[in-house]
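Offset between the sequence shown (1-based) and my numbering: plus 10.
For glycine and all other residues, C-beta sits at the position ideal for the given N, C-alpha and C.
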Amino acid sequence: MDERDEQALKAVKLYYEAGLSQAEVAAEIGVSRPTAARLLAHAKDRGFVTIEIHDPREQGGEISTQLLEKFGQYGLTDARVVATARSDQEQLLKELGRAGAEVLEERVKDGDLLGVSWGTTMFAVARALTPTSRRGVEIVQLKGGMSYTESSTNDIETINLFCRAFDAYARTLPLPVIFDNAETKRVVEKDRHIKQLLELGAHTDIVIFTVGHTHVDALTMSLGYLSEEEREQLSRVAVGDACSRFYTRDGQIALPSVDERTVGISLDALASRPTRILVAGGRWKAEAIEVALRMGLATHLVIDRETAQDIVD
Numbered sequence: 011m012d013e014r015d016e017q018a019l020k021a022v023k024l025y026y027e028a029g030l031s032q033a034e035v036a037a038e039i040g041v042s043r044p045t046a047a048r049l050l051a052h053a054k055d056r057g058f059v060t061i062e063i064h065d066p067r068e069q070g071g072e073i074s075t076q077l078l079e080k081f082g083q084y085g086l087t088d089a090r091v092v093a094t095a096r097s098d099q100e101q102l103l104k105e106l107g108r109a110g111a112e113v114l115e116e117r118v119k120d121g122d123l124l125g126v127s128w129g130t131t132m133f134a135v136a137r138a139l140t141p142t143s144r145r146g147v148e149i150v151q152l153k154g155g156m157s158y159t160e161s162s163t164n165d166i167e168t169i170n171l172f173c174r175a176f177d178a179y180a181r182t183l184p185l186p187v188i189f190d191n192a193e194t195k196r197v198v199e200k201d202r203h204i205k206q207l208l209e210l211g212a213h214t215d216i217v218i219f220t221v222g223h224t225h226v227d228a229l230t231m232s233l234g235y236l237s238e239e240e241r242e243q244l245s246r247v248a249v250g251d252a253c254s255r256f257y258t259r260d261g262q263i264a265l266p267s268v269d270e271r272t273v274g275i276s277l278d279a280l281a282s283r284p285t286r287i288l289v290a291g292g293r294w295k296a297e298a299i300e301v302a303l304r305m306g307l308a309t310h311l312v313i314d315r316e317t318a319q320d321i322v323d
């Protein structure tokens with residue numbers, strides 16, 4: 011190593027390790043700024059420093075491939091992985107919503123019957139939608155709604171935003187997502203109009219939905235439709251829910267007594283739809299997402315990078 015190499019090594023340490031500017035490096039080692047720039051270039055040429063660029067989009071592409079390799083056998087054909095700041099819930103929802111909206115807009119065609127769930131993630135998707143020129147699209151609510159509307163993420167507001175984006179008609183489901191009594195639900199579902207709405211959900215061309223976790227603060231768990239005993243049971247045996255249908259690690263109905271009272275598309279009907287877009291993220295949902303993919307609930311997935319990495323590892 012000659013004197014120039016030693017000077018270049020000193021310059022590169024000051025620049026990359028100490029964080030000095032080129033002007034500060036020049037002053038520190040007693041050379042002109044152009045000379046300092048040449049020393050830094052010399053250090054690169056000699057291999058004293060290497061630069062790696064980690065592009066989140068490229069890493070996302072890599073993880074997307076891994077997701078398809080792992081879950082392609084269950085029907086997954088597309089995985090969109092978004093990069094978000096660690097532990098930033100607001101940013102996570104924004105990025106999931108943006109990517110979910112893009113995936114949906116690419117696939118909705120004139121005359122499509124589009125099934126939509128609701129909740130915090132679906133509201134983020136709805137807000138991110140861009141008005142798109144489509145004709146004859148109908149929006150079908152996939153599950154019953156909330157009995158109160160203090161939250162902006164409620165079913166009515168979400169469906170309205172989807173309708174505005176696609177200039178579509180709404181087929182809303184004016185029932186609670188979970189009845190108090192299974193017999194009451196069965197009687198109501200015999201109504202000709204309600205029966206027709208439920209059948210529409212099971213015959214949609216595209217569905218877009220999310221999955222929930224079973225912590226006490228989860229939306230479906232906290233709406234007041236479940237007893238304390240039921241919440242405790244679901245926390246023990248369920249790993250998540252899709253359209254408020256709770257499922258176990260084995261992909262089975264977690265609590266039949268609750269499922270019998272639940273209004274909306276069944277898991278079997280959901281899995282039978284031609285295009286199924288699952289938008290979900292957050293490491294606390296990793297198991298719920300993974301099991302949903304193994305159940306064949308999604309042909310298209312929108313997920314954040316950290317959660318995707320947990321699933322493929």
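{"Query": "Own chain partners of Arg145 with C-beta closer than 6 angstroms, once the 5 adjacent residues on each side are dropped", "Result": "Asp120"}
{"Query": "For Val150: DSSP bridge partner residues", "Result": "Gly125, Arg181"}
{"Query": "Residue span of the alpha helix (DSSP H) that contains Val198, given as start and end", "Result": "192 to 199"}
{"Query": "Range of the contiguous alpha helix (DSSP H) that encloses Arg43", "Result": "43 to 55"}
{"Query": "Boundaries of the beta strand (DSSP E) in which Thr250 is found, first to last residue", "Result": "Here residue 250 turns out to be Gly, not Thr, going by the sequence shown. Segment 250 to 252, the beta strand (DSSP E) holding Gly250."}
{"Query": "Integer Cβ distance of Val217 from Arg286, believed to fall under 8 angstroms", "Result": "5 angstroms"}
{"Query": "Alpha-carbon to alpha-carbon, Asp323 and Val91", "Result": "15 angstroms"}
{"Query": "Per-residue burial, Glu300 [other beta carbons within 10 Å of its own, 16 or more giving buried]", "Result": "buried"}
{"Query": "Rounded distance between the beta-carbons of Leu103 and Thr131, thought under 8 angstroms", "Result": "7 angstroms"}
{"Query": "Val312 - DSSP class collapsed to helix/strand/coil", "Result": "strand"}
{"Query": "Selected residue, minimal CA-CA separation from Glu148, among Gly40, Val118, Thr87", "Result": "Val118"}
{"Query": "Coil, strand or helix - Arg29 by DSSP", "Result": "First, the residue type needs correcting, since residue 29 is Gly and not Arg in the sequence shown. Reduced to three states, the DSSP call for Gly29 is coil."}
{"Query": "Run of the beta strand (DSSP E) containing Arg90, from where it starts to where it stops", "Result": "88 to 92"}
{"Query": "Check whether Ala192 and Arg271 have beta carbons under 7 angstroms apart", "Result": "yes"}
{"Query": "Gln151, buried or exposed, once every other Cβ within 10 Å from all chains shown has been counted against 16", "Result": "buried"}
{"Query": "Extent of the continuous beta strand (DSSP E) to which Leu288 belongs", "Result": "285 to 289"}
{"Query": "Integer-rounded CB distance, given that Val135 should sit under 8 angstroms from Ala111", "Result": "5 angstroms"}
{"Query": "Pro141, DSSP secondary structure in three states", "Result": "coil"}
{"Query": "Distance, Tyr25 Cα to Ala302 Cα", "Result": "49 angstroms"}
{"Query": "Beta carbon of Leu244 nearer than 7 angstroms to that of Leu265", "Result": "yes"}
{"Query": "Enclosing alpha helix (DSSP H) for Val268 [first to last residue]", "Result": "266 to 269"}
{"Query": "Start-to-end residues for the alpha helix (DSSP H) that takes in Ile188", "Result": "Here Ile188 belongs to no alpha helix (DSSP H), and DSSP marks it neither H nor E."}
{"Query": "Own chain, CB closer than 8 angstroms to Thr336, minus 5 neighbours either side, in chain order", "Result": "This structure cannot speak to residue 336, because the chain is shown only from 11 to 323."}
{"Query": "8 angstroms contact criterion, which Gly250 and Thr224 should meet: CB distance rounded", "Result": "6 angstroms"}
{"Query": "Contact under 7 angstroms by Cβ, Leu210 with Arg181", "Result": "yes"}
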